[in-house]
Amino acid sequence: MDKTIMAVIIGGAIVNYVIRVAPVLLSKGRRMPPFLATFLNIMPVAALGALIFPGIIESFPEKPIAGIAGVFVAALVSYFADGLVFPVVAAIAASWFTMRFF
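Read the sequence shown against the numbering used here and you will find it ends at 253, with the numbers running on by one and no gaps.
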């Protein structure tokens, strides 16, 4: 492997590590306001939704309703069932059913 590529990979890893560790080290011993703590707990879910939803709509370009149906079925099943397997299987089945019959 070229030394330049290796240097870029190692440099990127160091920068990434410093960015992730700095907030922990700088906030050590300080209490976070409750509003900020709630915001940071909710943020990963919102970011995940914003990243995943466009992919769901574009997953079936000829029938975007299939991806949307899968999401709604997964949300409904996950509300009533514990675990991850049942919502995923239900979403796959709903998307397949929508692609096949609509």
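Virtual Cβ for every residue (Gly too), placed ideally from N, Cα, C.
This structure is a prediction, so every number in the text was calculated from the model and none was measured.
Take the alpha-carbon of residue 171 and the one of residue 163: they are about 12 Å apart.
With a beta-carbon spacing of about 7 Å, residue 253 and residue 216 fall inside the 8 Å limit used to define contacts.
In the three-state reduction of the DSSP assignment, residue 180 falls in the coil class.
Beyond the five residues adjoining it in sequence on each side, residue 238 comes within less than 6 Å, by CB distance, of 225, 228 and 229 in the same chain, given in chain order. Following the DSSP letters along the chain, one finds residue 152 in no alpha helix (DSSP H), marked with neither H nor E. Residue 229 carries a helical assignment under DSSP once its states are collapsed to helix, strand and coil. Short of 8 Å from the beta carbon of residue 199, and not among the five residues preceding or following it, lies no beta carbon of its own chain. In this structure, the straight-line span from the alpha carbon of residue 191 to that of residue 176 is close to 17 Å.
Residue 218 is classed as buried because its beta carbon has at least 16 other beta carbons within 10 Å across all chains shown. Here residue 214 really is in contact with residue 249; their C-beta atoms are around 7 Å apart, less than 8 Å.
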